[in-house]
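Here this note's numbering = 1-based position in the sequence shown + 124. All residues carry an ideal CB built from backbone N, CA and C; glycine is no exception. Every value quoted in this text rests on a predicted model; they were computed, and no experiment measured them. This report refers to the structure that appears directly beneath it.
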Amino acid sequence: MPATAWWLLALPFIAGSFLPLQAGINGQLSRQIASVTGAALISFAIGTLALLALVIAQRELPTMQALRELSWWHWSGGLLGAFFITTAAFAGPRIGALLFMALALAGQLAMATLLDHFGWAGFRQSAVSLSKIAGLLLIFGGVWLINRG
125 MPATAWWLLA LPFIAGSFLP LQAGINGQLS RQIASVTGAA LISFAIGTLA
175 LLALVIAQRE LPTMQALREL SWWHWSGGLL GAFFITTAAF AGPRIGALLF
225 MALALAGQLA MATLLDHFGW AGFRQSAVSL SKIAGLLLIF GGVWLINRG
């Protein structure tokens, strides 16, 4: 397997580093407007406007035909994102950034293990191994230690 370009490794790291910041910002927003779901709506509205501007600038607007051909589950990504943003705005300020992100990471890695093992959602199939399970157990151990501290 060829070496992965450094920037392809840096992008997920940078995006991941923004998640606790986003959770904090959305938590503060929810306090300011006294609504967790309102904060999530504002967050998504701003993100939607930014993406709309980018899609228009790149002239990559999907056709109506392409939209009609989507399966029901293609539309679920936005719902999953809304669930995460709302959960972050609600739980993040209550349990702290570190525990929130440790739990989110543990959930992400557990789901990623299933997605890879079964090749779901377009991911390359990669069987679960003892070393992967051991890594997950270490992550869950880290969550336990963080919660104790």
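Approximately 4 angstroms separates the beta-carbon atoms of F224 and G216; this is inside 8 angstroms, confirming the contact. Spatial neighbours of F264 in its own chain (CB-CB distance under 7 angstroms, excluding positions within 5 residues in sequence) are listed in chain order as A230. Spanning the alpha carbons of G220 and A228 requires a straight line of approximately 12 angstroms. In the DSSP assignment, T211 falls within the unbroken alpha helix (DSSP H) covering S200 to I219. Secondary structure of S141 (DSSP, three-state): helix.
Judged by pairs of C-beta atoms under 8 angstroms, the region 228-247 touches the region 256-263, as three or more such pairs exist. Contact between the region 197-213 and the region 163-173 is present, with at least three C-beta pairs closer than 8 angstroms. Listed in chain order, the non-local C-beta contacts of A234 below 7 angstroms within the same chain comprise L260, local neighbours out to five positions each way being set aside.
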